[in-house]
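Asker: Residue numbers (the numbering used here): 3 to 511.
Take this structure, written in structure tokens, and hold onto it; I'll ask about it next.
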RNA sequence: GCCGCGUUGGUCAAGGGGUUAAGACGCCUCCCUUUCACGGAGGAAUCACGGGUUCGAAUCCCGUACGUGGUACCA
């Protein structure tokens, strides 16, 4: 009988939720749901210096938007509460002390200045490593070097200290990563990481192991940037709970910036003009706003979809997946080892596909919001639906519905008369004057009737419809884009059509 | 510097000893369309490099290069 699958996403509430973070959530979620397991969100707020107001609520809002609902979290409750590490502070100390007692960890009293000095010393000595490790620890101010009574005295005096893991040299730490296979670390290269900070908070290293144990996590997914510290975690598992209880690890590939190299960061987004955060994030200190995928006009279905296939595919040609399909088809051994460069063009393509795939009613409200945000009020439901149907093929983002459809609601603010002027003459002027007169008496204001009449007046004036269509379009739309002209005319109605023709005519005088 | 991980077209990628090395995005050409899109047809890679192993390697092994991550009382 296997233990129940339990996975966790462990964000630290320090700012916007990065794309890579959402993908980590997604893979966690897919894996859990595929195996009938639980998806837990645990807030890793052990660094009080980096705490950011509102970041936690923001993360949950992003997850909600994405449709990735946790089974247990600070918000959703659960039997392993609390799910906020700052509220579990006392627990970690207990385990840290236990490690000291068992000889796997020690107290270190070195001040930050002393640590700097130590690194400086090693640097000038030409050392390969500047780490606080087995090679240097007997020269430092810690309970390993000090006599027991000296240590006790420092402790009694309330000297600030940290607890560090004692990594033995000349050993090999081996483990099997679900994505990368067997990985081996030489403990000579592993440093004595701080487990418990001077403020009594655990570092990530201690907290992740303790909580994964206490919360019965079965599989641990995290970014590749954690790989180098994996041996510390494995050692901790060995010393504290035994390797048998340890979850299986999976280190996910990174999402790289599209140009150059390196991890995709918020800076790149600003530079290249696309978002990296799931939703808008406003920094409470600087009040600087960083745009999110949601607000820029992405559908959550598309966002999830494009993230899922950035580093994973099911081996077939399928590219469009619903969440349910992803749950069904996801498998960890199809996840790539190498990082993937993020391609915003392809991201937009996914959104476009989802706009086409989803029923309009799914996102109609969001389009309405975009229109309203741009000053188009008084939107009638039925009319909006027709507009959406007419322009959706040319929209990749939700706010494209404004640029592609605004003229259905209001006269274009500018008319591209330059595109007309070159071939404009009195004959055409006359044609449109007659068209206005004709349209005034059109009995049925409808596509085919309008087109029939248009062509009739054209041939009466010995003009080809072809050379009149573009001017007509520009009069109604303002530029060279949009659906069929007669569709537009029939939509905006007789009065408005005539008004726009006359307005353009006056501009062309 | 040291340690780890990675490397198939511009990008995402299939492919795991014998293939004309899929497909998608983007780009270009053409068709459709009296606009723009949508849609359709086509064009562009010998798999980082060098050695092996093998009758045969993008696929296995070893080096090198390059990239990337870590090297904090941050996660």
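Yeah, the Cβ is synthetic: ideal placement off N, Cα and C, and Gly gets one too.
Quick caveat: nothing in here was measured; it's all calculated off a predicted structure.
If we count the other Cβ atoms within 10 Å of its Cβ and call it buried at 16 or more, is residue 143 buried or exposed?
Answerer: Along the first chain, one-based indexing puts residue 143 at 141. By the 10 Å Cβ count, residue 143 comes out buried.
Asker: Keeping to the same chain, check which residues put their C-beta closer than 8 Å to that of residue 360; ignore five residues upstream and five downstream.
Answerer: As a first step, residue 360 is located in the first chain; it is residue number 358 there, counting from the start. 301, 303, listed in sequence order.
Asker: Bridge partners of residue 1, per DSSP?
Answerer: Residue 1 falls outside the range modelled here, since the chain spans only 3 to 511, and no answer is possible.
Asker: Tell me where the beta strand (DSSP E) around residue 86 begins and ends.
Answerer: Numbered from 1 along the first chain, position 84 holds the residue referred to as residue 86. Looking at the DSSP string, residue 86 is not in any beta strand (DSSP E), and its letter there is neither H nor E.
Asker: Would you call residue 313 buried or exposed, if buried means 16 or more other Cβ atoms sit within 10 Å of its Cβ?
Answerer: The residue you call residue 313 lines up with position 311 of the first chain. When all chains shown are included, residue 313 counts as buried.
Asker: Looking only at C-alpha atoms, which of 220, 111, 239 sits nearest to residue 41?
Answerer: Mapped onto the first chain, residue 41 falls at position 39. Per the Cα distances, 220.
Asker: DSSP three-state label for residue 2, please.
Answerer: As displayed, the chain neither begins before 3 nor continues past 511, which places residue 2 out of reach and without an answer.
Asker: Tell me, please, which residues DSSP counts as bridged to residue 204.
Answerer: As a first step, residue 204 must be located in the first chain, where it is residue number 202. Per DSSP, 198.
Asker: To the nearest angstrom, how far is the alpha carbon of residue 87 from that of residue 50?
Answerer: Residue 87 sits at position 85 when you count from the first residue of the first chain. Residue 50 sits at position 48 when you count from the first residue of the first chain. Cα-Cα distance, rounded: 11 Å.
Asker: Determine, using beta carbons only, whether residue 60 and residue 281 come nearer to each other than 9 Å.
Answerer: Sequence index remark: in the first chain, residue 60 carries index 58 (1-based). Sequence index remark: in the first chain, residue 281 carries index 279 (1-based). Closer than 9 Å, so yes.
Asker: CB-CB under 7 Å to residue 55, same chain, minus the five flanking residues each way: which ones, in chain order?
Answerer: For this step, residue 55 is matched to residue 53 along the first chain. Hits under 7 Å: 286.
Asker: Taking just the CA atoms, how far does residue 63 sit from residue 305?
Answerer: The residue labelled residue 305 in the question sits at position 303 within the first chain. The residue labelled residue 63 in the question sits at position 61 within the first chain. Going from the Cα of residue 305 to the Cα of residue 63 covers about 15 Å.
Asker: Going by alpha carbons, who is nearest to residue 338 out of 276, 348, 356, 226?
Answerer: Here residue 338 refers to the residue found at position 336 of the first chain. Checking every option, the nearest Cα to that of residue 338 belongs to 226.
Asker: Relative to the C-alpha of residue 82, which residue among 43, 420, 190 is closest?
Answerer: Sequence index remark: in the first chain, residue 82 carries index 80 (1-based). Of the listed residues, the one whose Cα sits closest to residue 82 is 43.
Asker: Could you pull the DSSP bridge partners for residue 225 from this structure?
Answerer: Counting from one through the first chain, the residue named residue 225 turns up at place 223. 254, per the DSSP bridge assignment.
Asker: For the beta strand (DSSP E) that contains residue 45, what are its first and last residues?
Answerer: In the first chain, counting from the first residue as 1, residue 45 sits at position 43. No beta strand (DSSP E) holds residue 45; DSSP gives it neither H nor E.
Asker: State buried or exposed for residue 131, treating a residue as buried only when at least 16 other CB atoms are found within 10 Å of its CB.
Answerer: Walking along the first chain from the start, residue 131 turns up at place 129. With fewer than 16 Cβ atoms within 10 Å of its Cβ, residue 131 is classed as exposed.
Asker: Could you give the distance in angstroms between the alpha-carbon of residue 571 and the alpha-carbon of residue 98?
Answerer: One cannot answer for residue 571 here, as it falls past the ends of the chain, which runs 3 to 511.
Asker: Name the one or two DSSP bridge partners that residue 74 has.
Answerer: Locating residue 74 in the first chain gives position 72, where the first residue counts as 1. Residue 74 pairs with 42.
Asker: Report the three-state DSSP secondary structure of residue 3 (helix, strand or coil).
Answerer: To locate residue 3, count along the first chain from 1; it is residue 1. Residue confidence for residue 3 is low, a pLDDT of 43 falling below 50, so the modelled location carries little weight and cannot support an answer.
Asker: Quick check on the DSSP output: what are the complete alpha helix (DSSP H) runs of length 4 or more inside the stretch 433 to 493, in order along the chain?
Answerer: If we require 4 residues or more, the alpha helix (DSSP H) runs fully inside the stretch 433 to 493 come out as 449 to 462, 467 to 479.
Asker: Can you name, in chain order, every residue of its own chain whose Cβ lies under 7 Å from the Cβ of residue 3, other than the five neighbours on each side?
Answerer: One-based indexing of the first chain puts residue 3 at position 1. For residue 3, the pLDDT reaches just 43, beneath the cut-off of 50, and the residue's location in the model is therefore unreliable, leaving the point undetermined.
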